[in-house]
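In the UniProt record's numbering, the protein residues as written are 1 to 152.
The next block holds one structure in the form of structure tokens; read it before the comments.
So, in structure tokens, the structure goes:
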């Protein structure tokens, strides 16, 4: 289940031994003494952080639309259109971005990854067709993730 989730979050980029190693490290997170600062006792709380620690090349993070937009745009060969207005709220930005990502040749969607450890927003760009399966797998694993345009 976790292997499939990681595969979908990385748009099939992680496979084989690299995927197995990643899943193994995420699964071992509750026993990692460096993560004893995580308040909680469920494997899901450790996995919530460990997924981010392992998939640093696959998410965008920031606190403001401008920061997120720059990081998200960098993940595409053909950059995204510039922000339509400089002072957009996050909600307006996510609504605008959702339409932009849906219009790409391969439709994408932005997912907001639950975050309990700092003030940043962590977002994964996934294939839109994979979103229902990602949400289902994350839910079964007790992980917090939701479409960014509905987050709140």
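Note that beta-carbon positions come from the ideal geometry of N, C-alpha and C, so glycine has one too.
Can you name the residues that DSSP bridges to residue i?
i, result
"residue 16", "Per DSSP, none; premise fails for residue 16."
So residue i packs on residue j, CB below 8 Å; how close in whole Å?
i, j, result
"residue 62", "residue 115", "Not a contact, Cβ separation roughly 12 Å."
"residue 8", "residue 130", "5 Å"
"residue 148", "residue 110", "4 Å"
"residue 4", "residue 137", "6 Å"
"residue 123", "residue 68", "7 Å"
Do you know how far the Cα of residue j is from the Cα of residue i?
i, j, result
"residue 43", "residue 35", "12 Å"
"residue 106", "residue 25", "31 Å"
"residue 89", "residue 95", "10 Å"
"residue 31", "residue 112", "26 Å"
"residue 29", "residue 85", "41 Å"
"residue 27", "residue 50", "8 Å"
Worksheet entry | At least 3 beta-carbon pairs within less than 8 Å: the segment 67 to 87 vs the segment 5 to 12 | no
Discussion item. Taking contact to mean 3 or more Cβ pairs, one atom from each stretch, closer than 8 Å, check whether the segment 37 to 57 and the segment 92 to 112 are in contact.
Written reply: no
Item to complete: Please list the segments of the alpha helix (DSSP H) lying wholly inside the segment 29 to 109, counting only runs of 4 or more residues, in order along the chain.
Response: 43 to 54, 65 to 74, 90 to 102
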